[in-house]
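Below is one structure, written out as structure tokens; the observations come after it.
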Amino acid sequence: MGTDNKKREFPHTLVIIFSIILLAALLTYIIPAGSFARIKSATGRMVVDPSTFHFIAQKPATLMTIFTAVPKGFLATSWICFLIFIVGGSFHLVTTTGAIQAFLHKVLQKSKGKSYMAIPFIVFGFSIIPTLIGTLEAYLAFVPLGVMLARSMGLDALCGIAMVVAGGGAGLASGIYNPFTIGTAQQLVGLPVFSAAWFRVIAYIGFNISVSFWTVRYARRILKDKNSSIIAEEEALAEKNGSLQESEDDIQELTPRRILILATVAVTMGFVIYTVLNKGDFKTDVPAMFLIMMLVVSALAKYSVNDIARTFTKGAQNMVSGVLVVGFAKAIAIVLDSGGITDTIVWYLSSLLGGTSHIVGAELMYAIQYIINFFIISGAGQAAVTIPILSPIGDAIGLTQQTVCAAFQYGDGITNLLLPMSPLTSGAIAIAGIPYTKYFKFIWRIILTNTIIGAVCVGIAAAINLGPF
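Here the sequence shown is numbered in this note's numbering, starting from 315 and rising by one per residue.
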């Protein structure tokens, strides 16, 4: 039985990425090497000159090319890796203080017994942190609270997951100030980090409306007829077993000290946004601010220096998988570049897209990113794999780099709530005791609506030449 399960196991992300590295090496023997000339654009950025492509001598990858590409990948993305470790460690420490849990508990408690019309406000509340910080897995801790809130409103566990996880997913997909997705992509193409935030706010509002609409619609159906719940059997069993009932030990009080901790986090995010918008050094200033935040929060929580070190280390450890994905993913681009076939691939693809409008080209990029996210769940990892290829294609077919980044952001973010191999999805439905098939029956409408919203946003970005370039 165990052997059969292992055979059916979905490949680990690193296995998929290393397989792509090997495929990239093989392609250096098949695809002719070629090169574009680069010219300086009006913005001072080096861009591809589409008219200058020419073939060059073949440079097939060797065994050493493959294996040295991995450490080179980590060197090239070292600042991203540092950022992931520091943000992950710092925010884990904030989470251990109980401040966020206490705040959300207070919000949920005040919402108990109120109309389902409170759902949009709860969805919006849970969407804020992921769109600013980019972390969503931490929301698994709030799934029981969301489920209890939903049941107190006469709803079911699916509504609880929708408010907490799908609400958070709306924030993650829009990525207004997400350092791991849009921040990484914009850095890779040379855009000012977090530029065009106003445009992502529009998508953010759209995704929140989508989640709220479908959740309210489902909630109204349940209030009319309990048996219309998709998980009526599971709800009956949960009621019989008394599962997910809140105990006094679970309740965290929102003390003045915890309010100060939340204020510290809010002020830090304000400084991060201000620094980036005023062209501060994103690679060093932002991690430094999170370290300062961690020390201030530690002082407020009365943590000892050893407590700080242990808690920060634990949070950083949780980020190891994501960091490995980023470094290994960058190795793909390094192998392609060393073999001289990146420009050839760009030339072929841009030739295929050349007969289409730039709006159609943008939508095809969106579709590519959408599909790739099924295999590379890490947002930063997907950026490292795809942006080096799609960026010059964007230049070649007349797309702004901001449009390329928009296609990546929405293509990467929307399906995270759908994938059964996603830690967020699998964890949330396991905690709530919901089979994936029944979860899918509920969530697909939200995913489809958000997919359409994402496509519209990408099309608009292409149509208006969303910039600064």
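Quick reminder that beta carbons are idealized off the backbone N, C-alpha and C, glycines included.
Residue environment for Pro-706: buried (at least 16 other C-beta atoms within 10 angstroms of its C-beta).
Taken atom to atom, the span from the alpha-carbon of Ile-760 to that of Ile-345 is near 41 Å. Judged by DSSP secondary structure, Lys-752 falls within the alpha helix (DSSP H) whose first and last residues are 750-777. Counting the other Cβ atoms within 10 Å of the Cβ of Glu-547 gives fewer than 16, which makes it exposed. DSSP places Gly-348 within a strand segment (E or B) once states are collapsed to three. In the structure shown, Lys-354 falls within a strand segment according to DSSP collapsed to helix, strand and coil.
Under DSSP, His-368 shares a beta bridge with Ser-349.
In this structure, Ile-701 sits near Leu-502, with a CB-CB distance shorter than 8 Å.
DSSP places Leu-502 in the uninterrupted alpha helix (DSSP H) bounded by 496-503. Check the Cα spacing between Ala-580 and each of Phe-369, Met-608 and Thr-569: the tightest is with Met-608. By the criterion of a C-beta distance shorter than 7 Å, Phe-521 is surrounded in its chain by Ala-484, Ala-487, Ser-488, Asn-764 and Ile-767, once the five residues flanking it on both sides are discounted. Going by DSSP, Leu-459 is part of the alpha helix (DSSP H) stretching over 457-466.
Approximately 11 Å separates the beta-carbon atoms of Phe-440 and Gly-474; this is outside 8 Å, ruling out the contact. Of all C-beta pairs linking the stretch 737-754 to the stretch 462-472, three or more are shorter than 8 Å, placing the two stretches in contact. Of the other Cβ atoms in all chains shown, 16 or more fall within 10 Å of the Cβ of Ile-433; this residue is therefore buried.
Under the DSSP assignment, Ile-673 falls in the alpha helix (DSSP H) whose first and last residues are 672-686. Contact between the stretch 643-660 and the stretch 382-400 is present: 3 or more CB-CB pairs across the two stretches fall below 8 Å. Rounded to the nearest whole angstrom, the CA to CA distance from Arg-624 to Ser-612 is 12 Å. Burial check for Phe-381: the Cβ neighbour count within 10 Å stays below 16, so the residue is exposed. Here Ile-353 is exposed. Its C-beta has fewer than 16 other C-beta atoms within 10 Å.
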